[in-house]
Each structure stands twice: as structure tokens, then as C-alpha cells.
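Notes for the one structure printed next.
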Amino acid sequence: MKRLVLFLAAFLLSESSYAANLFAGQAKVEAVCSQCHGLKKSSADAPFPRLFERDFAYLQMALQQYRDKTRKSDIMNAVAGLLSDEDIDNIAAYYDNIHPASK
Amino acid sequence: MKRATKILSTAILTVLSLSAQASDDAAHLHQLYQENCASCHGADHGGYLAPALNADTLKGRSPTALRSLIMTGSFDTLMPPFYGKLSDDDIRGLVKHLQSTPKQPNPAWTMEDMKKSMQVYVQDESTLPSKPTYDIDSMDNIIGVAARGKYGRGAGSKAVFINSSTHKEIGEVPTGTAAHIIEFNPANPRWAYVKTDTAEIFKIDLYSMKAVRSIKTGMNGPGIGVSRDGKYIMAGSFVPHNAVILNADTLEPLKTFELEGVDPDGKMVSSDSGMIIGTPFADVFAIALENAGQVWVVDLKDGFPVTKITDVGRHLHDAFLTHGGQKLMIASYDDSIVTAIDLKERKIIKKLPAGCVPHVGGGSAVKVDGRTLGFGTNFGDCDKTVVSVWDLDKMELVKQVPVSGGTESPAAHANAPYVAVDIISKDKRARTIQLIDKKSLEVAKTLDVGGHAYFPEYSADGKFLYVSAGYNGDEVAVYNSSTFEKVASIGMESPAGIFSRGRVKYMTRGLSPDEMKGAK
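Just so you know, the sequences run in chain order A and B.
Residue numbers for the first sequence follow numbering that gives the first Met the number 0, so the first one is 0 and each next one is one higher.
Residue numbers for the second sequence follow numbering that gives the first Met the number 0, so the first one is 0 and each next one is one higher.
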């Protein structure tokens, strides 16, 4: 029993520290980002940058900078200000995983 | 004196230039409204798919809240974010403009205006290919999707055509503003017609996947029908309150109709156009006058004479056909009924109870154990959300099937075991489609599609169920219609209505093509 608890604890720890979760990322993207940037690609008529061709490290850095206000944008500072490190990783992983071929 | 004159003239000049600037501003803001807002909110500020925006409806609303709503859009609706698309000055100006502009009077859009709006993209139709330029077993396998585009206009707005046996896109036709309805010519498989939210009609050659002509029939309004012989189109508008019969070949307008009449409460009203439908039963169109509560039956002969059926309901909307197209089932929002009309006798058969705010979409009818059952969805989000099932032979209510929310459009197919309905309640339920077992008349499954899932449609063979994942989903999802395994995804911006060409074969979704034989 004790072993099982230990095992579970280790599993949960590794799960949370093992950064990105695509499903959590998709849920966050649906709730926070997709209105402007799209779930997959942004609207052909939208003035917002597309995110699906960006890689994980770039997205992670950009979101952290917007959150910390070292990169300025009224709207992005406000939106990213609500994100946790984990949210940022999940979102970055989600967009990193969307390929243009999936349209 | 001289000085006084100078001061005075300076003052006059100042006043003049100020007022010139003010009217420039007004003209600029009016143009901004027409170019960005009117396709959904109505060219007359009276509302259409989206709420009315005028001095009355926005009275007391905080300008700051309205400004941020325009900037960010509204997540659970089609309203897109205009941040970065319109300048902050323009957004502030628009808020002020909307809060001070009354609903505009019904504008004129005459036969002359329509004729002037005609665009011919292919001058000589004999230059078009004589068969499809892509592989397809039957033209009935074509499914058309009305892609609205995120902004209801622009590069994302188009009609997208898919081969529903391979689930591959076979063509797309840009429509400028949001495509709303796609109709297929029952007599010639090569022609389709797309109507946009700004009331343009495109004639499309499905063989080459090209628009050949277009005409603007009004300012806003989705109503369009095609006659059984494929020779006429009838189109109706919300703004202005008119309808028109066009030559389906040339799109030339032949006759316009002013939509007005006495409503069930005895009041003379000018009316939006509701559904327009051609029927395999006869050479007629039926058109619903939404606010007047009347259905007009227009004979397709000299002068296009009209028979008016009055007192059909309070605020009519959409309808479907049954019994070889002789009977019309029409939804009435405000009295929560669906009225059955006999198009031969041209009178009301019966008013049947529905759920709250019935919106039957394209309707569905299925034959089960010798009975013809009609399925009606209900828009309203009241305590008891149901899908109505009627016995269409006896014209009586069989059951109100409880579903998880408001619904907008049912899909059925003679070969598929379930009637699919889209749950549109504005929360997580909007991601889902519910499947009602034809025999037990109970919800058997709930399908999580994602986005704002709506407008289910079966492929012509009934083997696949197509669903628009809608706004925030940006794909059409395709499922195996017995296992509900997802078999394909076709990406596009804000897909909405899905229209199978198979519909011309089975008249109302769910019926067998045999049903039509008696009619012809």
C-alpha cells in the first residue's frame, strides 16, 4: 500500500513537472486565445498573428514576456497576465503541435 | 465694423467647417457600420442574425463596455474581435454613432437596383466544361458548406463544396460576405445557388466550381427557394421587406413583391421574409411573411398570382415539406406551434404544439413502423428543452423528446438509425450533437464535436454525418453514422449551414427518394 502511495505521488509529481499537456493546452486555447488567433489558424481577415507555425520556445518566451510586461501590448499584457507557467507551456505546446497541413 | 465683420466671418467659417467635419464623420461612421456590422446587425440597424444596434436598444448601455465588447468580440457568439482591425478612434466613434442612430426606415431596393447589381463572371456558358472537372460518382454526393468567415465577410467567406464519399474538398467559391443558404437546382445537377447574408445570390457551376453570375436582391436576408422545374428562384429579404422571383438561368428579376399584410392580431404590418420553398408537388413557391403571420402561395404562371393564407401564426420562420410536398410544416416562434398547411387546398390543416420557440431548420421526417414521423427542433432555452415528434399522417403530436438544450436543426436519413439535433445553448453544451433513436424516440448518444457545433447533415448515402464545428471550431467534422468514429476534418472559418445535394432527391431529410415518385 505504502509503495502504491509513493508510486502515485511520484507519478503525479512527474506529471505536473513534466510540463506540457496538449489537451489542457487546447482547453486553454479555446477559452483564452482562439477568439483572436483561431483554434488552428487565425482568420484570413484578422489582423492577429498566426500562432500555429511558431515553435514551442518562441511561444513560451513571448507569452512570458507579455505576462511580465517586458514586451508591451495593452491587450496581450492583460490576457497573458492571467496565465500560469503551466498554462503558458500547455498553450505553447498546443500551437507547436498544430501543423499547417491540418488547416 | 470691419473688424467685427472679420470676426463674424471667421466665426461663420469655423461653424461651417465644424459642421462639414461632423457630417464627414457621420458619413464615415455610417460607412464603417455598413462595411463591418450591417451584414449581421441589419443594414437598417434593426438587427438580423445579431441584435439590433440603435439608439433605442443601446439606451443606457455603458459606452466603455460597448467599446470593449467591440474590441474583444463576444466569445459565445459569432461576434469577432475588432481590436487592431478598426482604430480606437473609429471604435469610439462607432459606439457614439450607434447610441445616437435610430432604427432606419425600410429602405428601397427596386427591380432597377437589382438589375444594376447584376455581375456576369462567365459571359458565355457554353465555354464551361460539360462534365465535372473532378472525380465524383454522383453529383448527389456533393455537400456544400456555408462558411461565414470570422468577420462575416472577407477572404474567409465562401461556399465550400465537398465530395461526401471521400470527404475531400472539391472546390470553393468566394462570396464576399457570409454565405448562408446553398440551394441545388433539382432539374440540372450542375447548378447551385448561394445566398449571402447581404442578400446576394450567386449562380454556381458545380462542374467547374465557379460563380457564373450574381445579383443583389436586397440588403439582408437568407430566404431562397428553387422551383421544381429549376426555372425560377424566389428570394426574400429582412431588409427591405420584399421578395423577388428571378429567372434561375439568367438571375434576371421578373417580379417583386412588397411583404405586408394583416397579422393574426388584426394589425397591418410590413414584414420580414421568412422561409421560401419550392415543392416537388406543384409549380409554386411558398413564402412566409414572418411578422404578418401569413404564408403566400405564388403560382409560377403569367403574372405570378398570389394566394394568401392568413392567421398561420405569430412570427413565422422556417418550414419543411411532407406528403410528396403537398403539406408544409411551418414554425411559429411566438406561439410555440408548428402549423401544417395543405398546399393543394391552400389552407391550414392544423396547428400542432411544439417546444419553446420552434425553429425547424430544414426539418426531418422518417418512416418508422408504417408511420411518417416529423422532427422539429426548438431554438428557445427554456426550462423544458425538447424536440417535437409529430405523426405527419394524422397530424398529431407523438412525443416531446427531452434533449439537453435549445436546438436549431435536425438531420435524418432513411439509412441512418439516428436523428441528429444540434444543441445550441451557450455553454459547453454548444459543443455537442445529440442523437435520437428513430425507434425508441429517446436520446441514445451525445457527440462532443467541439466549437459551436451545429447544422448536422447526412451524406446522400446516409453513411456519414457532417457537422459544422462552427465558430471557434473552424472545421467541419465528419463521423461514421453508425459508430460515430470521427473519419475526417475539413478546415474552414466559421462553417455554418451544411447542404447535401441529396436533399433534392429526398425533399425532406430522412425520407426515401421513393417518397417523391408519387409527386411527379
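Virtual Cβ for every residue (Gly too), placed ideally from N, Cα, C.
No Cβ-Cβ contact shorter than 8 Å links B:H240 with B:E251. Rounded to the nearest whole angstrom, the CA to CA distance from B:K437 to B:M506 is 19 Å.
Cβ atoms of B:S387 and B:Q399 come within 8 Å of each other, at about 6 Å. The contact set of B:Y82 on chain A, defined by CB atoms closer than 7 Å, consists of I74 in chain order.
Under the 10 Å beta carbon count, B:P494 is surrounded by 16 or more other beta carbons and is classified as buried. Between B:S272 and B:G224, the gap from beta carbon to beta carbon reaches 8 Å or more. Excluding the 5 residues flanking it on each side, B:M113 has same chain C-beta neighbours closer than 7 Å at I214, K215, T216, V243 and P252, in chain order. For B:K157, there is no enclosing alpha helix (DSSP H); the enclosing beta strand (DSSP E) covers residues K157 to N162. Comparing C-alpha distances from B:L446 to each of B:R430, B:L440 and B:E456 shows the shortest one belongs to B:R430. Following the DSSP letters along the chain, one finds B:Q103 in no beta strand (DSSP E), marked with neither H nor E.
Residue state for B:S387 is assigned as strand, using DSSP reduced to three classes. Under the Cβ criterion (8 Å, minimum of three pairs), the region 118–133 of chain B does not count as touching the region 479–489 of chain B. Three or more Cβ pairs closer than 8 Å define a contact, and the region 347–363 of chain B meets that threshold against the region 408–420 of chain B. Each residue's CA atom was taken as its position, placing B:S86 and A:A77 some 19 Å apart. Contact check for A:Y94 and A:F51: beta-carbon distance about 6 Å, within the 8 Å limit, so the pair qualifies. For A:M75, there is no enclosing beta strand (DSSP E); the residue is part of the alpha helix (DSSP H) that begins and ends at D73 to A79.
Per DSSP, the continuous alpha helix (DSSP H) segment holding B:I69 begins and ends at P62 to T71. Per DSSP, A:G24 is not a residue of any beta strand (DSSP E); the alpha helix (DSSP H) it occupies stretches across L21 to K27. Taking 9 Å as the cut-off between beta carbons, the residues of the region 35–51 of chain A near chain B are C35, G37, L38, K39, K40, S41, S42, A43, D44, A45, P46 and F47, in sequence order. For A:E85, no chain B residue has a Cβ inside 7 Å of its Cβ, as the nearest lies near 22 Å away. Look at the region 60–93 of chain B: the residues with a C-beta under 8 Å from a C-beta of chain A are M70, T71, G72, F74, P79, P80, Y82, G83 and K84. Considering only beta carbons, the part of the region 470–485 of chain B lying closer than 7 Å to chain A consists of N471, G472 and D473, in chain order. At a beta-carbon threshold of 9 Å, the residues of chain A lying near B:K149 are G37, S41, S42, A43, D44 and A45, ordered along the chain. Listed in chain order, the beta strand (DSSP E) runs fully inside the region 179–211 of chain B are 190–195 and 199–204, counting runs of at least 3 residues.
Here the C-alpha atom of B:K157 lies approximately 12 Å from the C-alpha atom of B:M208. The three-state reading of DSSP puts B:G323 in helix, counting H, G and I together. B:G323 is a Cβ neighbour of B:P279, given a cutoff of 8 Å. The bridge partners DSSP lists for B:V172 are B:A158. Bounds of any beta strand (DSSP E) do not take in B:Y470, whose DSSP letter is neither H nor E. B:S458 sits buried, since 16 or more C-beta atoms from the chains shown fall within 10 Å of its C-beta.
In the three-state scheme derived from DSSP, where H, G and I count as helix and E and B as strand, B:G92 is classed as helix.
Under the Cβ criterion of 8 Å, B:E492 is counted among the residues facing chain A. For B:A154, a Cβ of chain A is located within less than 8 Å of the residue's own Cβ.
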